[in-house]
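Student: This structure is in structure tokens; I'll ask about it shortly.
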Amino acid sequence: MHDIVLGERSTTDRILRALVYAILIGFVLFYLAPLYVMVVTSVKSLEEILAGGLLNLPKKLDFYGWDEAWNNACVGTECRGMAPFMINSLIASTLATIIPTAIGALNGYALSLWRFKGSELFFGMLLFGAFIPFQIVLLPMASFLGWIGWSSSLTGLTFTYIVYGLPFTTLYFRNFFVSFPIDLVNAAKIDGIGYFRFFWRVALPSSVPIMIVSVIWQFTNTWNDFLFASTMTKLESATVMVALNNFVEVANGVKRYNVDMAAAIIAGLPTLVVYLVAGRYFLRGLMAGAVKG
Amino acid sequence: MATLEIVNVRKSFGAVEVLKGVDIKAEDGEFLVLVGPSGCGKSTLLNSIAGLQSNDSGEIRIDGEDVSNLHPKDRDIAMVFQTYALYPNLSVWENIAFPLESRKVAKKERRKEAERVAELLHLTDYLDRKPRQLSGGQRQRVAMGRALVRDPQVFLFDEPLSNLDAKLRVVMRTEIKKMHRTLGTTMVYVTHDQIEAMTLATKIVVLKGGEVQQVGSPDEVYNTPANMFVAGFMGSPSMNFLEGTLRQAGQEARMDIVRPDGGVVALVLPVGEALAQEFDGRKVIIGVRPEAMVDEESETKDGTYQQIDWPLEILEPTGADTIAVLQSNLEGGEEEMVARFAARTSARPGAMVQLNIDISAVVLFDPDSEKAIYHAAAPEEAGKLVHLHPARNTAG
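So the protein sequences, as listed, match chains A and B. Residue 718 is where the first sequence starts when you use the working numbering, and the numbers rise one by one after that. Residue 255 is where the second sequence starts when you use the working numbering, and the numbers rise one by one after that.
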């Protein structure tokens, strides 16, 4: 970055600039307010919460809510806390991230650099999969899973995630590799370097930015999914999003807001971690191809 | 080491016929240059040889064997691309040795081979760098190294120098020529730059619109061009064309040339009786290279000079000599002519200047077919040319 010479700025310029910043800061506060409320509520005691003062800082830090959420929260009659459901989610999302990303990379590579007769049509059909509303496939998928004996199981849910992740990951990798210099492939063909060797040694190592995009996309989408998860699992195979819903719904009597908020934060934490770790690659990946270098 | 034969190769993309039956033969160890303007089909032809695209018909023979249906890797060729096509994530040595990887050469061996080739190309200090850390010239060398490591039967070059700056281009041109002399391998080189073609080739193929215009040594293509396209394309500044009427005068012919200002000048050309008779009273076009069109002060080489007066437009001194720009009489005076005057010429723009034209280096063309009918540099073939391309003068 170079500092360009701005010269003298006019008063109108300054006022407009201040206005822009004021608006932006306003939106930021509005956006962050719910998170703030969640965090402070989660560390307040129930009495303090019921006393009102939603936006106040806690008078005394109280981790009862976090302890309850992690260890004792109930789904139905089971009171085992969130931990088992976190593990379910982790298994489903990890597999549903790694497998579609790997297959999508290979798909995208084939559909862009090693085109065959009808590959464009093939890609078009795959792309169609990315635009189908999931509500449409819910029932057919459920009955298919029942037919092969995977209904109401984590296996079935993971399988669903993998299948519906493929159009997206393929699209990402295909659009990434399509701007790959075709001369590299031609050089490889002449030098006798085969399809898989080129993929493994050249194409895949060059595709890290888009790989990150694919990972973030698959992980957050499957982690946050409620539709498939609530339809295709039962109590012990439920993911954390389904469990969270049940925690909050199941409570009778006084609503324990601190427990609910702590549970919600716990449920959202892994995706936050993924963003923080891979976020800068994410931006870079989205920009890849748009800007040279 | 191999011969290369291209036999009646045709290729269309959709309705566009890019190669219209190309026939070329390169001897073992030949440096064949395919040259022509963009869109002439030269790169398509190279891709055909490489096997990166299939032909519609025709054969590509390497050492007598038809390879048209062989996968590129089985043709035993190596190719250097215009974009260099270096693998960005691999280091220089891995790039050079990558072709060996698929041949199950051990890593130690590969490194050794890469080092050997790198030494030839002065890349030893850069072996562990990535391509993006190299300059354009170094990348070009790596691309050549990757071809060299293969020790193929035929090298293919696709405009390898066009991404380099002018100075580096000259340096790399010399290196490629040296490489050819050391290796003695058959090479096919595609370029749009006629200077590259002239300096590198042992045989030049001039292409236009998917058709071979002429095949010959640089000397043949330059001095005895087969038609006006070749004459105009090869050489820089390019050949000058003037229109005139031929009159038979025994063994010779007088060519009357009407100047843009209306004056008439004449050249006497020793074209032989047959040609003079055939074209008596007909329009012809004379081609004169800039260096065969000089002024009084120029040091004239051996040759047969005749003088004509012509109005001078502009002088452009280059130091070693002066480029004189004059108006041709072709296309209603729109075309320009370029003559090579002495550095300290006494000619003045805007005035009449006396041009010394070397009659022993001119070419005559039939304006209808645009084909050469007379090469002063090779007068013995004059009769043959007319015979080869009988003039069709019925339309005009």
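Positions of the beta carbon are idealized from the N, C-alpha and C atoms, including for glycine.
For A904 (chain A) and chain B, any beta-carbon pair shorter than 9 Å?
Tutor: Stepping through the first sequence from its first residue, residue 904 (chain A) is reached at position 187. A904 (chain A) counts as touching chain B.
Student: Taking CB distances under 9 Å as the criterion, tell me whether Y341 (chain B) reaches chain A.
Tutor: Start at 1 with the first residue of the second sequence, and residue 341 (chain B) comes out as number 87. It does: the Cβ of Y341 (chain B) has a partner Cβ on chain A nearer than 9 Å.
Student: With respect to the alpha helix (DSSP H) encompassing V745 (chain A), which residues constitute its N-terminal and C-terminal limits?
Tutor: The residue you call residue 745 (chain A) lines up with position 28 of the first sequence. That run of the alpha helix (DSSP H) goes 728 to 759.
Student: Where in the region 425 to 467 of chain B do unbroken runs of the alpha helix (DSSP H), each at least 4 residues long, occur, reported from the N-terminal end onward?
Tutor: 448 to 454
Student: DSSP state of A596 (chain B), grouped into three classes?
Tutor: Counted from its first residue, the second sequence places residue 596 (chain B) at position 342. Per DSSP, reduced to three states, the secondary structure at A596 (chain B) is strand.
Student: Among B:A520, B:G526, B:D510, whose alpha-carbon lies nearest the alpha-carbon of G504 (chain B)?
Tutor: Here residue 504 (chain B) refers to the residue found at position 250 when the second sequence is read from its first residue. Of B:A520, B:G526, B:D510, the residue nearest in Cα terms is B:G526.
Student: Is it buried or exposed for M842 (chain A), if we count other Cβ within 10 angstroms and need 16 for buried?
Tutor: Taking the first sequence and counting its residues from 1, one reaches residue 842 (chain A) at position 125. By the 10 Å Cβ count, M842 (chain A) comes out exposed.
Student: For the region 804 to 838 of chain A, list every residue whose C-beta sits within 9 Å of some C-beta in chain B, in sequence order.
Tutor: none
Student: Would you call the region 324 to 332 of chain B and the region 393 to 409 of chain B in contact, with 3 or more CB pairs under 8 Å?
Tutor: yes
Student: For M949 (chain A), report the span of its alpha helix (DSSP H) as first-last.
Tutor: In the first sequence, the residue the question calls residue 949 (chain A) occupies position 232. Its alpha helix (DSSP H) spans residues 944 to 949.
Student: Fully enclosed by the region 464 to 522 of chain B, which alpha helix (DSSP H) runs are 4 residues long or longer?
Tutor: 472 to 477, 482 to 487
Student: Indicate whether M803 (chain A) and I982 (chain A) have their beta-carbon atoms separated by less than 9 Å.
Tutor: Along the first sequence, read from residue 1 onward, the residue named residue 803 (chain A) stands at position 86. Along the first sequence, read from residue 1 onward, the residue named residue 982 (chain A) stands at position 265. In this structure, I982 (chain A) does not lie closer than 9 Å to M803 (chain A) by Cβ.
Student: Measuring only the C-alpha atoms, how far is V512 (chain B) from V289 (chain B)?
Tutor: Here residue 512 (chain B) is taken as the residue at index 258 of the second sequence, counted from 1. Here residue 289 (chain B) is taken as the residue at index 35 of the second sequence, counted from 1. Using only the alpha carbons, I get a separation of about 34 Å.
Student: For the region 920 to 944 of chain A, list every residue whose C-beta sits within 7 Å of some C-beta in chain B, in sequence order.
Tutor: So the close ones are P922, S923.
Student: Please list the partners that T337 (chain B) has in chain A, where partner means a Cβ-to-Cβ separation under 9 Å.
Tutor: By 1-based counting over the second sequence, the position of residue 337 (chain B) is 83. Those within 9 Å of T337 (chain B) in chain A are P898, D900, L901.
Student: Please report the distance separating the alpha-carbon of T576 (chain B) from that of L374 (chain B).
Tutor: The residue given as residue 576 (chain B) occupies position 322 in the second sequence. The residue given as residue 374 (chain B) occupies position 120 in the second sequence. Near 41 Å, if we compare the C-alpha coordinates of L374 (chain B) and T576 (chain B).
Student: Answer yes or no: do L566 (chain B) and G604 (chain B) have a C-beta to C-beta separation smaller than 9 Å?
Tutor: Walking along the second sequence from the start, residue 566 (chain B) turns up at place 312. Walking along the second sequence from the start, residue 604 (chain B) turns up at place 350. Cβ atoms of L566 (chain B) and G604 (chain B): closer than 9 Å.
Student: Determine, using beta carbons only, whether F890 (chain A) and S931 (chain A) come nearer to each other than 9 Å.
Tutor: The residue you call residue 890 (chain A) lines up with position 173 of the first sequence. The residue you call residue 931 (chain A) lines up with position 214 of the first sequence. In this structure, S931 (chain A) lies closer than 9 Å to F890 (chain A) by Cβ.
Student: If you run the structure through DSSP and keep just helix, strand and coil, what is P644 (chain B)?
Tutor: One-based indexing of the second sequence puts residue 644 (chain B) at position 390. Caution is warranted here: a pLDDT of 43 is assigned to P644 (chain B), below 50, making its placement in the model unreliable, and the coordinate value is therefore given only provisionally. Three-state DSSP puts P644 (chain B) in coil, outside helix and strand.
Student: Checking the sheet assignment: what are the DSSP bridge partners for A332 (chain B)?
Tutor: Taking the first residue of the second sequence as 1, we reach residue 332 (chain B) at position 78. DSSP lists B:F409 as partners of A332 (chain B).
Student: Looking only at its own chain, which residues have a Cβ that is under 8 Å from the Cβ of S471 (chain B), when we skip the five neighbours before and after it?
Tutor: Numbered from 1 along the second sequence, position 217 holds the residue referred to as residue 471 (chain B). For S471 (chain B), where only same-chain residues beyond five positions count, the Cβ hits under 8 Å are A455, T456, K457, I458.
Student: For V276 (chain B), which residues does DSSP report across the bridge?
Tutor: Looking up residue 276 (chain B) in the second sequence gives position 22. B:V263, per the DSSP bridge assignment.
Student: Would you call the region 780 to 788 of chain A and the region 972 to 982 of chain A touching, i.e. three or more CB-CB distances under 8 Å?
Tutor: yes
Student: How would you label V518 (chain B), buried or exposed, when you count the other beta carbons within 10 angstroms and need 16 or more for buried?
Tutor: The residue labelled residue 518 (chain B) in the question sits at position 264 within the second sequence. That one is exposed.
Student: Find the residues of chain A that neighbour P326 (chain B), judging by a C-beta separation of less than 9 Å, and give them in chain order.
Tutor: The residue labelled residue 326 (chain B) in the question sits at position 72 within the second sequence. Within 9 Å Cβ-Cβ: N903, K906, I907, D908, G909.
Student: Checking contacts by CB at 9 Å: is P235 (chain B) closer than that to chain A?
Tutor: The structure shown does not extend to residue 235 (chain B), since chain B spans only 255 to 650, so no value can be given for it.
Student: How would you write the range of the alpha helix (DSSP H) that Q394 (chain B) sits in, first residue to last?
Tutor: Indexing the second sequence from 1 puts residue 394 (chain B) at position 140. Run containing Q394 (chain B): 390 to 402, per the alpha helix (DSSP H) assignment.
Student: Counting pairs of beta carbons, one from the region 416 to 431 of chain B and one from the region 343 to 355 of chain B, are three or more of them closer than 8 Å?
Tutor: Too few Cβ pairs lie closer than 8 Å, so no.
Student: Are T886 (chain A) and G821 (chain A) touching if we call contact CB-CB under 9 Å?
Tutor: Here the question's residue 886 (chain A) lines up with position 169 in the first sequence. Here the question's residue 821 (chain A) lines up with position 104 in the first sequence. Yes, they are a contact pair.
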